[in-house]
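Presented below is the structure to which this report refers.
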Amino acid sequence: MSFIQYLKAKVFLIAMLVVGGCIMTFFVCDVCSSSVSWFAKVASFTASIWISMWLGNEYMSHFLDQKISWTKEPIKRFVVGIAGMLVYTIVVVFILVTLFEKGLQVYVGGITGMLYGTVSITFIITLFMTSRVFLLNWKQAAIDSERLQKESIMAQYNSLKNQVNPHFLFNSLNALTNLVYEDQDKAAKFIKQLSEVYRYVLDTQTKEVVPLKEELDFLEAYLFLQKIRFGNNLSIEVELSKTQSMVAPLALQLLIENAIKHNIVSSENPLVIKLVQQENFIVVENNLQRKTLLGEPSQGIGLENIKNRYKFLSSVPVEVFEAEGKFVVKLPLIDVD
């Protein structure tokens, strides 16, 4: 908001400050009650002081709030605010006193006297307003943090529930039943990988983030199960380096699960899912071939689950879009502190 727009929005307040300045004039000027010209001059000065101090410091406070965060840099914001108030008050008082005393020949107490009184009053008001703004920002930050924590906890619970739901277990056991008769060695490996999947799910249910290396190790076991189930109808390409970055646990699995759930997977229409790294993002994309009817009821927790978790974990949002017949999700990598 520009300063002109700010003044337009404060028309009523300016009118009240003018009225307040006029009323105050009767208490500080003995001759004003008997001289209209003196009353007009002194009232103009008093109103000018009130308006410039109130609106100028308020506007500067709003401006500094946009540049310096109370929650991230409270000491810096406080010091800069007080310093700005002092400089602004001294400059404005000097200009107004000089203008009225030399321009209108109205003695208003001299620059020194006016500075002491005005700075003292402005300092008290600014200190009150600063403390109020700080407390409001601190309270809002606490509310946002608690809300995001609740969302993260719920998202983690939903992710766990989605992974261990009866459909996943039923499909895995059904695939295992057929595999036992076809290849006992592969069946034994299937059981081992299935146990690794569930162990990881249980180990990470209370964690907010996990190393990317651990997530990829889990994903390898999970993808083995899916490849047994779908065979060549499902192609999953993973081109991710096991960097020191962190990710939300089970986020990659959820994206793959969603792609399988919402798209046709058949020999005529194989589903291709790719996981690659682009700068500070993990990109998960699949070719779009949506099912007309879902074979499993949707839990309604997929992408919203992931978006809410990353709001809590990163300042960089999750990106979701469609492009050139592909569905793409970009997850920001979380740096290790």
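The numbering of the sequence shown is this note's numbering, which starts it at 68 and goes up by one. Backbone N, C-alpha and C define an ideal beta-carbon position, used for all residues, glycine too.
Going by Cα to Cα distance, which pick from T359, R357 and I349 is closest to D402? I349
Which residue comes first and which comes last in the alpha helix (DSSP H) that contains L283? L279 to F297
L317 and T271 - do their beta-carbons sit closer together than 9 Å? yes
How big is the Cα-Cα spacing for F237 and T359? 23 Å
Residue(s) in a DSSP beta bridge with M313: Within the DSSP bridge table, the entry for M313 names P278 and I401 as partners.
Around the C-beta of A315, are 16 or more other C-beta atoms found within 10 angstroms, so that it is buried, or is it exposed? buried
Reference E304; option with closest CA among S187, K341 and Y289: K341
Buried/exposed call for K108, threshold 16 Cβ in 10 Å: buried
Can you give the Cα-Cα distance for K77 and I210, rounded to whole angstroms? 30 Å
Under 9 Å, do N354 and G392 count as touching if we go by C-beta distance? yes
Between the Cα of N347 and the Cα atoms of N372, L319, V383 and K328, which residue gives the shortest distance? V383
On a Cα-Cα basis, can you pick out the residue from Y248, R357, P278 and L398 that is closest to E371? L398
Pull up the DSSP beta-bridge partners for L338, would you. L301
Between which two residues does the alpha helix (DSSP H) holding I258 run? I258 -> alpha helix (DSSP H) spans Q251 to T271.
Below 8 Å CB to CB, which residues in the same chain sit around S381 once its five sequence neighbours on both sides are set aside? Excluding five sequence positions before and after S381, the CB atoms of its chain that fall closer than 8 Å to its own CB belong to P399 and I401, given in chain order.
Best match in E352, A114, S262 and I162 for proximity to A285 [C-alpha to C-alpha]: Ala is not the amino acid found at residue 285; the sequence shown has Phe there. Nearest option by C-alpha distance: S262.
Taking the alpha-carbon positions, what's the V27 to V277 distance? As displayed, the chain neither begins before 68 nor continues past 404, which places residue 27 out of reach and without an answer.
Quick one: is Y248 buried, meaning 16 or more other Cβ sit within 10 Å of its Cβ, or exposed? exposed
With DSSP run on the structure shown, which of helix, strand or coil describes V332? coil
How many angstroms separate the CA atom of V85 from the CA atom of H129? Each residue's Cα considered, the two are about 23 Å apart.
Please classify E352: does DSSP put it in a helix, a strand, or coil? Correct three-state label for E352: strand.
Tell me the rounded alpha-carbon separation between M83 and F112. 15 Å
Using the C-alpha atoms, what's the distance from F388 back to Q72? 38 Å
Once DSSP output is grouped into helix, strand and coil, what is the label at E346? coil
Hey, how far is the Cα of V159 from the Cα of Q207? 34 Å
Specify, as a first and last residue, the run of the beta strand (DSSP E) that F388 falls within. E386 to A390
Check whether the Cβ atoms of I149 and F190 sit closer than 9 Å, and answer yes or no. yes
Extent of the continuous alpha helix (DSSP H) run through L153: P141 to T165
Measure how close the beta-carbons of P337 and L290 come, nearest whole angstrom, since I'm counting them as under 8 Å. P337 to L290, Cβ: 15 Å. No contact.
Assign G298 to buried or exposed, taking buried as 16 or more other Cβ atoms, counted over all protein chains shown, within 10 Å of its Cβ. exposed
Assuming A242 and R296 are in contact, meaning their beta carbons sit under 8 Å apart, how far apart are those beta carbons, in whole angstroms? 5 Å
Which of the three DSSP states is assigned to V109 in this structure? helix
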